[in-house]
Amino acid sequence: MEKVISAKLYFTVWAILMCLTAATAALSYVNMGALSPVVALLIATVKGSLVVLFFMHAKYIDVKTTVLVIVAGFFWLSILLLMTMTDYITRAWS
Amino acid sequence: MATASAITAEREHYLNADYGFRSWLLTTDHKRIALLYLITITFFFFVGGFFALLIRLELLTPQGDLVQADTYNKLFSMHGQVMIFFFLLPAVPAVLGNFLVPMMIGAKDLAFPRINLLSWYLFIIGGGLMLYTMLTGGVDTGWTFYVPLSTAYLGTHVVLAAVSIFIAGFSSILTGLNFIVTIHRMRAPGMTWGRMPLFLWSNYATSIIQVLGTPVLAITLALVGLERMFHLGVFNPQLGGDPLLFQHLFWFYSHPAVYIMILPGMGVVSEIIPCFSRKRVFGYEFVALASIGIAVLGFLVWAHHMFVAGISVYSAMVFSFFSYLVAVPSAIKVFNWTATMYKGKIYYSTPMLYAMGFIGLFTMGGMTGLFLASLGVDVHVTDTYFIVAHFHYIMVGGMVMAYLAGMHFWWPKITGRMYPESWGKLAAMTIFIGFNLTFFPQFILGWTGMPRRYHAYTPEFQVLNVLSTAGSTVLAVGYLLPMVYFLWSLRYGKEAGDNPWGAAGLEWKTASPPPTYNFEETPVVTWEAYNYDDLPKEVPVVG
Ligand SMILES: [Cu+2]
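Each protein sequence line maps, in turn, to chains A and B.
Reminder that position 24 of the first sequence reads as 24 in this note's numbering, one-by-one numbering, no gaps.
Reminder that position 164 of the second sequence reads as 258 in this note's numbering, one-by-one numbering, no gaps.
Next comes the structure, spelled out in structure tokens:
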């Protein structure tokens, strides 16, 4: 079953999320060329992972169905990205 | 005798267990919430139908003489938004699904009764906002909110409509979540996955789409709102965005949404066909897995809505291929229903008439969908009335027929009363005729080139448009009939008894209307679904 998680951990995670948001905002003023979206997406991925792992308790689960839900979620996200990419990589841009 | 009064005293059930507005508005009973949904979506059905009748009235003549072009744009936009988001999407899951999912698996309620009530309140808030949108001038984006039209050019209540759909979307997600958890965790002893009624399989598949697809729509509408209000450049090319990105995101949800609407209807039909053929359903496993197949494959076809929008031809070929493929599981179902009827003892009761109407009309809608999956034909008929006819054959000919089939089939269970059978048959026939008269001419109109979404047209299209408008009035009468006799039956209908159809399924093994916690004691299942071979060959209520 689920572990009880201390409020302190939640606040720590929340603080990290806030710092990362500030970092994204600050970095948007720095011109890194093609690297800009890469960095922004990296930070966003870290933030998303923190939310899923701690706030959604994915780090503490031992129920198989929960794993199934997470796997299904990522599978569907990959459908969205891959199938959209079939258009973007092969489109005639002119 | 002293016991005489005890016998005639009314048995307690979910309808009379408690009285007053409070007992309804704060209920967590899945059956009462189903009725709350029923009242709400019936209201929206008639609102959407009213818009439809105005549209058909305008199209009676080639000139735009009833309403102005701008008003017409609002009429078809709000017809679409109301019918799709506030009637078709919740119709079977939120009404029949809510009522039946716990009963069919032998549970006392859904896994999260309070979240179930919350989902209705979210629906009411979304629906209220939609009403407010309509009353304060409406919206004219079409139901699709295409950019940059919606974010940069229109002066109507785009954001308000988007917010209303955003909120109603969460009601849909919560219903789906509730069904998934309930079906996984709350099945009665012996109710294995292989013994579950097909209605549950199809609602389970629907729930997957609701949970995994709806958030994408929510995000997309939020981005539309942000771009419109704060000029955030996501979709509008003038701001550096890509309009096709909107279409990708929108249709990633909105094609599977078609299956949110039709899959539960297929579940209804899978219950009714075996019951009125007095036969075990043919190919149970295939019908069950076809539902899951549709849920997954349905996510791989969305760009068939974008073949003329300028996407890559290579990508279009991939999506075209999957669009052909997604027809396979639907075809499996149609063949299996037909095979179930083969050599069965068929009763043409009202639910069966609707179910058979569903098979025919859904097949026509599906087959014309294959025309559209083919790249060349699609270019020819995109944005013509052929598309309008195609999706109304699925949505109205398929889904509304299935919904009415289910309402008639389970009405005795929901209310404890029978509706008048001969009126039921008359209405089913009227709806079938009215439907075909309305929408078949639109196939020909579209094929010969009449574009959709215009309030005026060239005179050579008038004859077919007059036929279509005439059909829509027949259809309207057909829809009003059940309204009237269902209400009539609440007071004057015959007592139904526990199982008037002699149907298999746990919901028929308890009283009508059911007690608050559905079963006097938790049932134990030791038989396969649809064991009609072990049941009497007669339908009791027909004799
Ligand atoms: Cu589609």
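Backbone N, C-alpha and C define an ideal beta-carbon position, used for all residues, glycine too.
query	result
Would a check of beta-carbon distances place M56/A closer than 8 Å to chain B?	no
With distance defined between alpha-carbon atoms, name the residue in N167/B, P291/B, E106/B and M458/B nearest to M228/B.	N167/B
For a contact meaning CB atoms closer than 7 Å, what does I405/B contact in chain A?	D87 and R91
Tell me, please, whether the CB atom of F380/B is closer than 8 Å to any CB atom in chain A?	no
Under 8 Å between the Cβ atoms of V189/B and I277/B?	no
Express the C-alpha separation of F340/B and A623/B in angstroms, rounding to a whole number.	44 Å
Would you mind working out which of Q162/B, H399/B, D477/B and Y247/B sits nearest L539/B, comparing C-alpha positions?	D477/B
Three-state secondary structure (DSSP) at P535/B?	helix
Would you check whether ligand 1 has a heavy atom nearer than 7 Å to the C-beta of H398/B?	yes
What does a CB cutoff of less than 7 Å around P630/B pick up in its chain, not counting 5 residues either side in sequence?	G596
List, in chain order, every chain B residue whose beta-carbon is nearer than 9 Å to that of L80/A.	V310, H342, L343, F346 and F393
Does at least one heavy atom of ligand 1 sit under 7 Å from the Cβ of H658/B?	The displayed coordinates of chain B run from 95 to 637. Any statement about residue 658/B would go beyond what the structure contains.
Distance, Cα to Cα, M1/A vs L223/B?	Interpretation of M1/A is limited by its pLDDT of 48, a score under 50 that renders its predicted location unreliable; no figure is taken from the coordinates.
If we count the other Cβ atoms within 10 Å of its Cβ and call it buried at 16 or more, is V618/B buried or exposed?	exposed
Please report the Cβ distance between Y418/B and A467/B, rounded to the nearest whole angstrom; I am assuming they are in contact, meaning their Cβ atoms lie under 8 Å.	5 Å
List the endpoints of the continuous alpha helix (DSSP H) containing H502/B.	M495 to T509
Would you kindly work out how many angstroms separate the C-alpha atoms of A96/B and G587/B, rounded to a whole number?	In this prediction, A96/B has a pLDDT of 41, which is less than 50 and means its spatial position is unreliable; what the coordinates show is noted afterwards. A96/B and G587/B: Cα-Cα distance of roughly 29 Å.
What residues in its chain sit with their C-beta under 7 Å from that of V253/B, if we drop five residues either side in the sequence?	G319, R322 and M323
Do you know how far the Cα of P607/B is from the Cα of S99/B?	Because S99/B carries a pLDDT of 43, less than 50, the predicted location of this residue cannot be relied on, and the following value inherits that uncertainty. Between S99/B and P607/B, the C-alpha separation is close to 21 Å.
Between which two residues does the alpha helix (DSSP H) carrying I673/B extend?	With chain B covering only 95 through 637, there is no way to say anything about residue 673/B.
Output, in chain order, the set of chain B residues within a Cβ distance shorter than 8 Å of A72/A.	I302 and L306
My assumption, with CB atoms under 8 Å, is that M493/B sits in contact with K427/B. Please give the rounded CB distance.	In fact, because the Cβ distance is near 14 Å, the residues do not count as touching under 8 Å.
So, is N210/B buried or exposed, given that buried needs 16 or more other C-beta atoms within 10 angstroms?	buried
For a quick check, are the C-beta atoms of I149/B and F170/B less than 8 Å apart?	yes
Is V395/B near ligand 1 - that is, is its Cβ less than 7 Å away from at least one heavy atom of it?	yes
Is any heavy atom in ligand 1 found nearer than 7 Å to the beta carbon of H124/B?	no
What is the DSSP secondary structure of R91/A, reduced to helix, strand or coil?	coil
I'd like to check one pair, N272/B with F206/B: are the Cβ atoms closer than 8 Å?	yes
Going along chain A, which residues have a C-beta under 8 Å from Y408/B?	T86 and T90
Which residue from S258/B, A389/B and G232/B puts its Cα closest to that of W295/B?	A389/B
What's the C-alpha gap between V475/B and W541/B?	6 Å
Whole angstroms is fine: what's the gap from I101/B's alpha carbon to E589/B's?	For I101/B, the predicted model reports a pLDDT of 46, less than 50, meaning its position is unreliable; a value from the coordinates is still stated below. Cα to Cα, the separation comes out at about 16 Å.
Does the distance from the C-beta atom of I274/B to that of S301/B stay below 8 Å?	yes
Just the Cα atoms here: how many angstroms apart are A15/A and V4/A?	20 Å
Near L20/A, which residues of its chain fall below 7 Å by C-beta distance, leaving aside the five closest residues on each side in sequence?	I43, V46 and K47
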